[in-house]
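Chains as they are written, first to last, in the working numbering: chain A, 3 to 135; chain B, 3 to 135.
Glycine included, every Cβ here is placed at the ideal spot set by N, Cα and C.
Predicted, not measured: the structure shown is a model, and the values here were computed from it.
There are 2 protein chains.
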Amino acid sequence: MTSTEQSGGMRPTKQRRAVVEAMESFADFRSAQEIHELLGERGEPVGLATVYRTLQRLADAGEVDQLRTEDGEAIYRRCSETHHHHLVCRECGATVEVEGPAVERWTRSIAAEHGYGEVSHTLEIFGTCARCG
Amino acid sequence: MTSTEQSGGMRPTKQRRAVVEAMESFADFRSAQEIHELLGERGEPVGLATVYRTLQRLADAGEVDQLRTEDGEAIYRRCSETHHHHLVCRECGATVEVEGPAVERWTRSIAAEHGYGEVSHTLEIFGTCARCG
DNA sequence: TTTTTTGCAAAAGCTTTGCAAAAAT
DNA sequence: ATTTTTGCAAAGCTTTTGCAAAAAA
């Protein structure tokens, strides 16, 4: 199992490989448009619509994390192996991954308490990092 | 201090009052367009642009909570007094407010651990409520 | 050959902005 | 008289979609 492997019914096209490889070339969150631009600079241009379609499928397949910025733009990042949350610097965007087993447990019990099932959650922490603060 | 009071340099216009009052007529999150429509039905039509501008200012002033749906749409709700989180039904949108002092403490300590200051966070829990599940 | 994917351009949807008229100070 | 706010229509943006050509199975 290589890291560029894809799941399900996706045909391994040049474009899809390019997007997946691009996703592995950075560790923070990028917008679809930024990724599209990056691909162009790399000399592997992929149509913007294709970038959107590919990222959406990768997100559905759980192969990339998808977030929304405060102004509603979708941003994507390759997944790490375990479920975790993000500590993001408001100024420079520096991201730290944090795990929170306690939070996982808490959300599940709160949900159960109110009769909710199939629980998922999103938790993002914002702050000013040491360099920017 | 009445509940329709406004802060800072906002002039108390008919439209602004209408938006603030509309916000107090429901307890869940609504989009700007829904609020605009609601105002029309109430017989107090307010221009869509004005609704957007007003909601933005109220959000900046901390008088309403602003969230993003999964597809990037901004939704608004009047603030309750205390900081809390939301347990939202994926199917019908039913919302329960939950408090989590433990979470507050945890996020602050995680952030401090990484040298981040001025911490804020967002936590939303999604699930299927008893009626929909 | 049949099915999926691409790329382009057009459309969609939410949100913002320019500007002159109206309202508040 | 000044300054802010409104409403409309016109952009602006990100994202989605239709469709014919290209690629994969």
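Query raised in the report: Going by beta carbon distance, what residues of the same chain come within less than 6 Å of Asp-67/B, once the five residues before and after it are set aside?
Result: Arg-79, Cys-81
Requested in this report: Measure the CB-CB distance between Ile-127/A and Ala-24/B and report whether it falls below 7 Å.
Outcome: Going by beta carbons, Ile-127/A and Ala-24/B fall outside the 7 Å limit.
Query raised in the report: Ends of the beta strand (DSSP E) at Tyr-78/B?
Result: 76-80
**Report entry** 8 Å Cβ cut-off: residues of chain B touching Val-121/A
**Finding:** Contacts between Val-121/A and chain B, judged by CB atoms closer than 8 Å, involve Ile-127, Phe-128, Gly-129 in chain order.
Report task. For chain A, find out if any of its Cβ atoms is closer than 7 Å to the Cβ of His-116/B; answer yes or no. Result -> By this cut-off, His-116/B is an interface position.
Query raised in the report: Which runs of the alpha helix (DSSP H), 4 residues or longer, sit entirely within the stretch 5-35 of chain B?
Result: 16-25
Report task. Measuring only between beta-carbons, confirm whether Ile-77/A sits less than 7 Å from chain B. Result -> no
Query raised in the report: Using a C-beta cutoff of 7 Å, does Val-53/A count as contacting chain B?
Result: no
**Report entry** Which listed residue (His-87/A, Thr-15/A, Arg-70/A) has its alpha carbon closest to that of Thr-56/A
**Finding:** Thr-15/A
Query raised in the report: Would you say Ile-77/A and Phe-31/A are within 7 Å of each other, going by their C-beta atoms?
Result: yes
Query raised in the report: Is the shortest distance between the beta-carbon of Gly-135/A and the beta-carbons of chain B less than 7 Å?
Result: yes
Query - Contact set between Ile-112/B and chain A, taken where Cβ atoms lie within less than 9 Å - result: His-87, Leu-89, Val-98, Val-100, Gly-102, Ile-127
Query raised in the report: Hey, Val-2/B and Val-105/B are a contact pair by Cβ (cut 8 Å); roughly how many whole angstroms apart?
Result: Examination of residue 2/B is not possible in this model, given that chain B is present from 3 through 135 alone.
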